[in-house]
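Colleague: For reference, the structure I am asking about is given below.
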Amino acid sequence: MVTMEHYLIVSSIMFFVGVYGFITRKNLLAVLISIELILNSVEINFCVFNRFLYPEHMEGMFFSLFGIAISAAETAVAIAIIINVYRIANNIDVRHIDKMKY
Amino acid sequence: MGFTVFIILIPLVMFLLLSFGSKWLRPRAAGVIGTLGMTIPALLSYYTAYRYFLADAYVWPVWGPINTFSMEWLRFSDNLSIEMGVMLDSISIMMLVVVTTVSLMVHIYSLGYMKGERGFQRYYALLSLFSFSMLGLVVATNIFQMYIFWELVGASSYLLIGFYYTRPEAVAASKKAFIVTRFADLGFLIGILILSYYTGTFDFNKIMDVEADLAVTTMAGSSFLGLSAATWAMALIFMGAAGKSAMFPLHIWLPDAMEGPTPVSALIHAATMVVAGVYLIARMFPVYLFAAPDVLTLITYVGLFTALFAALIAITQTDIKRVLAFSTISQIAYMMVALGVSGYGGDFGEGYTYSMFHLFTHAFFKALLFLGAGAVIHTIHSNEMEVMGGLRKYMPITHITFLIACLSISGIPPFSGFFSKDGILSAALRYEPFVFGVLLFTAGLTAFYMFRLYFRIFWGVDRQYEKPPHEAPKSMTIPLIVLAVLTCVTGFIPFSFYVSPDIRPYEVYIHWPVALSSIVVGGIGIFIAMWFYRKASDRPAHLAAKLSGFWKAAYHRFYIDDVWMFITKKIIFRGISGPVAWFDRHVVDGTMNVLGTGTLKTSEAIKGSQTGRVQTYAVVFVLSVMVITVLVLVL
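Protein chains in written order, with my numbering: chain A, 284 to 385; chain B, 20 to 654.
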């Protein structure tokens, strides 16, 4: 029997893997993928809480659908930014992208 | 008589027309337009005087005030507002006549005198501005309107003194005039505010309503430093009047104001603006008399001192316009004394009546003196007596008219000055013999310095001039002749019939003992001047050498200017302003600078903590969230 805890363990692992990736990856694309992991772990949580705690409602499901749409849009924008960054800086190493600071 | 408002508005329109149209108008056209523009108010004023004093006379036997025009200009609260209006009573109509007449004469005269000057259009525009302001001042229905126009005449006087703005002396003189009178006006404003605070009105008629026991008597209760609020208010208002009328010690600006064009001196600094102070005191005379009699005493003695003081200085000056300037100060002081010694009702109002009468006659003969001096300066191109002499042969008209004015100011009958001066002297005698004595002595001095001036210009050394002097053009001699005629005839106006403090006519007679003594004293002054200056001689130099200490002090105007410079430069600037400026620059600014640079330095030091790398922020963020989570769970 798969319980709510199993799902939550999976999503927590996904979340922290995402956070770890976000902090440690040097490549902007990898950072972006890490963000996707974080988002997806949260959407799993939405579905899980909806399914196990309030099965008669559908808000959690719709919210995660909504989140997926948002993350797709965000990815498109992010990739566009990354391409432009690449054109200007000729690399996408996140450590070098600190020009905007000064 | 609603048309009276046009007396004021026409000069305003002229000012706007001439100042905005100066590009398109040729100088000559601007002068002619300005002069014609001044003719209409003059004619309207004569008509107003005719209607008020002769034709209508419906208020007879009381010359009550009539408000012919009034509009609300600024409302402060339900019962306090400032009106703009036209109030006619005997003294305001008298002033209308004086101002428009002298102004018209000066307009005509300037056509000749200022011919070919740069800024001719500007000159006429400013003359119109001045006429507008002065006329607005004299017909003011309330003290605030008077104050507004009071400042306007000050401003136009400033502009006209500084007319030759390329000359540093003229610029300095205009600034001096403006600052000194402005300083005095501060007192005036405070006085107005105190007065209106206690009376709740600015309106002259309401303040002075004698039947209602004077609104200001309500002020008697409150006091400050031992003097009632009314006394303070009226003393401060007198301060404003003293500044404008060049009373000691605020007289220092008037002699310097002679840097302006001579017709301007005649109009503003002899006949009209400088008597505004006297007019103000006369306007508020019942208030002074009933609510603040101490201030009247102050006015008497300030005036008395100024009259003598200025006459002494006038004896030693060599610049002919300076002599006339000090003479003006002395004569205005005469008017002030006359107001100070005046009483109320019937004969007791003699001082008031003759103060106004002297204002009236003085305006004409002093304008005549200035314009005559202007004619001389016009042909000699110098203000100094040293280069003049024997001009009677070259300038007969100027000579005769100047002589008439000199006789008039010396109090010789039948010229106008005799009548007004006689009245002032007899009022002074009624008040106190000491005041009378000083005034009589001053009258002698007046005769002496005026004839010193006259003899040194028109007699004295028979000089050979490189370019023979010539009589002034017609545009200049006609005003001289008109003013000379006025000087001869105005003395016969029965002034006490029209002007008195309680606005009821009364009869006066010439007081022959007083009149004879003033004629004798004046005659002595003239003869001494004749003895000294009729022919070139070393007598004046001898006397000057004997009295060298006094002579030098008087020549340097008793060092009053230096005293003022000492007060302003040494005490105020260096003693007070300097330390205050230091405190401001070093302590106040210093605190702010330390705060600013401190912030800047700190931010420079810690800005490295913001790396600009997203991942550092993420690490800090995640760690912080974890710490907070742990804390929340544990605690």
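Note that the Cβ used here is the ideal one computed from N, Cα and C, for glycine as well. Since the structure is predicted, the reported quantities are computational estimates derived from the model, not experimental observations.
1) Determine whether the Cβ of Val646/B lies closer than 8 Å to any Cβ atom of chain A.
2) Listing by chain order, which chain B residues have their CB less than 9 Å from the CB of Phe298/A?
3) Exposed or buried, what is Val395/B when buried is set at 16 or more other beta-carbons lying within 10 Å of its beta-carbon?
4) Compile a chain-ordered list of the residues in the segment 345-370 of chain A whose CB is closer than 9 Å to at least one CB of chain B.
5) Can you tell me whether Val325/A sits near the ligand MG, meaning its C-beta is under 7 Å from at least one heavy atom of the ligand?
6) Taking the C-alpha atoms as reference points, what is the distance between Ser347/A and Leu315/A?
7) Pull up the distance between the alpha-carbon of Glu405/B and that of Arg553/B, whole angstroms please.
8) Just checking: is the beta-carbon of Ala637/B within a distance shorter than 8 Å of some beta-carbon in chain A?
9) Taking the alpha-carbon positions, what's the Gly21/B to Ile27/B distance?
10) Considering only residues of the same chain and omitting the five flanking positions on each side of Ala355/A, which have a CB-CB separation below 7 Å?
11) Considering Ser175/B, what are the terminal residues of the beta strand (DSSP E) in which it resides?
12) Between the C-alpha atoms of Met258/B and Phe514/B, what's the straight-line distance to the nearest angstrom?
13) Are there 16 or more other CB atoms within 10 angstroms of the CB of Ala372/A, so buried, or fewer, so exposed?
14) Under 8 Å: do the segment 176-196 of chain B and the segment 271-287 of chain B share three or more Cβ pairs, one atom per stretch?
15) By the criterion of Cβ-Cβ separation under 9 Å, what are the contact partners of Lys302/A in chain B?
16) Taking C-beta pairs closer than 9 Å, name the residues in chain B that Phe305/A reaches, listed in chain order.
17) Would you kindly check if the distance between the Cβ of Asp204/B and the Cβ of Gly262/B is under 8 Å?
18) Between which two residues does the alpha helix (DSSP H) holding Gly456/B run?
19) What did DSSP end up calling Asp97/B once you bin it into helix, strand or coil?
20) Are the CB atoms of Ala260/B and Thr347/B within a distance shorter than 8 Å?
21) Measure the C-alpha to C-alpha separation of Phe577/B and Ala560/B and round it to an integer number of angstroms.
22) Please work out which residues of its chain come closer than 8 Å, Cβ to Cβ, to Gly479/B, disregarding the five sequence neighbours upstream and downstream, and give them in chain order.
23) Relative to the alpha-carbon of Ser3/B, which residue among Pro84/B, Trp43/B, Lys134/B, Asp97/B has its alpha-carbon at the smallest distance?
24) Helix, strand or coil for Met90/B per DSSP?
25) Just to confirm before moving on: does the CB-CB distance between Val51/B and Leu115/B stay below 8 Å?
26) Looking at the C-beta of Val377/A, does it have a partner C-beta in chain B at a distance below 8 Å?
27) To the nearest angstrom, how far is it from the Cα of Ala301/B to the Cα of Leu464/B?
28) Go ahead and label Pro488/B buried or exposed: buried means 16 or more other beta carbons lie within 10 angstroms of its beta carbon, across all protein chains shown.
29) Please state whether DSSP places Gly510/B in a helix, a strand or coil.
30) Between the segment 160-176 of chain B and the segment 522-531 of chain B, do three or more beta carbon pairs fall short of 8 Å?
31) Mind checking if Thr23/B is an interface residue toward chain E, Cβ cutoff 8 Å exclusive?
32) Taking its Cβ as the centre, do 16 or more other Cβ atoms sit within 10 Å of Phe88/B, making it buried, or is it exposed?
33) Taking 8 Å as the threshold, find out whether the segment 456-475 of chain B comes into contact with the segment 363-379 of chain B through three or more Cβ pairs.
34) Between which residues of its own chain and Thr509/B is the CB-CB distance below 7 Å, once the five residues before and five after are set aside?
35) Give the range of the alpha helix (DSSP H) segment to which Gln483/B is assigned.
36) Going by DSSP, what residues sit across from Val105/B in a beta bridge?
Modeller: Let me lay it out:
1) To locate residue 646/B, count along the second sequence from 1; it is residue 627. At least 8 Å separates the CB of Val646/B from every CB of chain A.
2) Walking along the first sequence from the start, residue 298/A turns up at place 15. Ordered by position in chain B, no residue passes the 9 Å Cβ test against Phe298/A, which lies about 11 Å from the chain.
3) Translated into the one-based positions of the second sequence, residue 395/B becomes position 376. Buried is the call here.
4) Those residues of the segment 345-370 of chain A that come within reach of chain B (Cβ to Cβ, closer than 9 Å) do not exist; the list is empty.
5) In the structure shown, the ligand MG is absent, as is every other ligand, since no ligand is present at all.
6) Taking the first sequence and counting its residues from 1, the one referred to as residue 347/A is at position 64. Taking the first sequence and counting its residues from 1, the one referred to as residue 315/A is at position 32. Between Ser347/A and Leu315/A, the C-alpha separation is close to 19 Å.
7) Reading the second sequence from its first residue, position 386 is the one you call residue 405/B. Reading the second sequence from its first residue, position 534 is the one you call residue 553/B. Answer to the nearest angstrom: the Cα atoms are 14 Å apart.
8) What you label residue 637/B is simply residue 618 of the second sequence in a count that begins at 1. It does: the Cβ of Ala637/B has a partner Cβ on chain A nearer than 8 Å.
9) The sequence position of residue 21/B within the second sequence is 2, counting from 1. The sequence position of residue 27/B within the second sequence is 8, counting from 1. Near 12 Å, if we compare the C-alpha coordinates of Ile27/B and Gly21/B.
10) Position 72 of the first sequence, counting from 1, holds the residue named residue 355/A. Nothing meets the Cβ criterion.
11) The residue labelled residue 175/B in the question sits at position 156 within the second sequence. Boundaries around Ser175/B are those of the alpha helix (DSSP H), 162-180, since no beta strand (DSSP E) includes it.
12) Position 239 of the second sequence, counted from the start, is the residue given in the question as residue 258/B. Position 495 of the second sequence, counted from the start, is the residue given in the question as residue 514/B. Looking at the two C-alpha atoms, the distance is approximately 28 Å.
13) Taking the first residue of the first sequence as position 1, residue 372/A is located at position 89. Classification for Ala372/A: exposed.
14) Enough Cβ pairs lie closer than 8 Å, so yes.
15) To locate residue 302/A, count along the first sequence from 1; it is residue 19. The amino acid at residue 302/A is misidentified as Lys; the sequence shows Val. Close to Val302/A, with beta-carbon spacing below 9 Å, are these residues of chain B in chain order: Ala637, Val641.
16) As a working note, residue 305/A is residue 22 in the first sequence. One finds Val633, Gln634, Ala637, Val641 in chain B with Cβ atoms closer than 9 Å to the Cβ of Phe305/A, taken in chain order.
17) Mapped onto the second sequence, residue 262/B falls at position 243. Mapped onto the second sequence, residue 204/B falls at position 185. Taking 8 Å as the Cβ cut-off, Gly262/B and Asp204/B qualify as a contacting pair.
18) Position 437 of the second sequence, counted from the first residue, corresponds to residue 456/B. For Gly456/B, the enclosing alpha helix (DSSP H) starts and ends at 452-477.
19) Here residue 97/B corresponds to residue number 78 of the second sequence, with the count starting at 1. DSSP places Asp97/B in coil when its eight states are reduced to three.
20) Along the second sequence, read from residue 1 onward, the residue named residue 347/B stands at position 328. Along the second sequence, read from residue 1 onward, the residue named residue 260/B stands at position 241. A distance of 8 Å or more separates the beta carbons of Thr347/B and Ala260/B.
21) One-based indexing of the second sequence puts residue 577/B at position 558. One-based indexing of the second sequence puts residue 560/B at position 541. Pairing Phe577/B with Ala560/B, the inter-Cα distance amounts to about 20 Å.
22) Translated into the one-based positions of the second sequence, residue 479/B becomes position 460. Contacts found: Met407, Gly408, Gly409, Tyr552, Arg553, Lys554, Ala555.
23) Given that chain B is displayed from residue 20 to residue 654, the structure contains no residue 3/B and the question cannot be resolved.
24) Mapped onto the second sequence, residue 90/B falls at position 71. DSSP places Met90/B in strand when its eight states are reduced to three.
25) The residue you call residue 51/B lines up with position 32 of the second sequence. The residue you call residue 115/B lines up with position 96 of the second sequence. Contact: no.
26) In the first sequence, counting from the first residue as 1, residue 377/A sits at position 94. By this cut-off, Val377/A is an interface position.
27) One-based indexing of the second sequence puts residue 301/B at position 282. One-based indexing of the second sequence puts residue 464/B at position 445. In this structure, the alpha-carbon of Ala301/B lies about 26 Å from that of Leu464/B.
28) Translated into the one-based positions of the second sequence, residue 488/B becomes position 469. By the neighbour-count criterion, in which 16 or more other beta carbons inside 10 Å mark a residue as buried, Pro488/B falls on the buried side.
29) Residue numbering aside, residue 510/B sits at position 491 when the second sequence is read from its first letter. If DSSP states are grouped into helix, strand and coil, Gly510/B belongs with the helices.
30) Short answer: they don't touch.
31) Absence of chain E from the displayed structure is noted, the protein chains being A and B.
32) For this step, residue 88/B is matched to residue 69 along the second sequence. With 16 or more Cβ atoms within 10 Å of its Cβ, Phe88/B is classed as buried.
33) Taking a cut-off of 8 Å for Cβ pairs, the segment 456-475 of chain B and the segment 363-379 of chain B do not touch, as fewer than three such pairs fall below it.
34) By 1-based counting over the second sequence, the position of residue 509/B is 490. Within the same chain, and ignoring the five residues on either side of Thr509/B in sequence, the residues whose Cβ sits closer than 7 Å to its Cβ are Phe379, Thr380, Phe383, Ser435.
35) In the second sequence, the residue the question calls residue 483/B occupies position 464. Where Gln483/B is concerned, there is no enclosing alpha helix (DSSP H), given that its DSSP letter is neither H nor E.
36) Stepping through the second sequence from its first residue, residue 105/B is reached at position 86. The bridge partners DSSP lists for Val105/B are Phe88/B.
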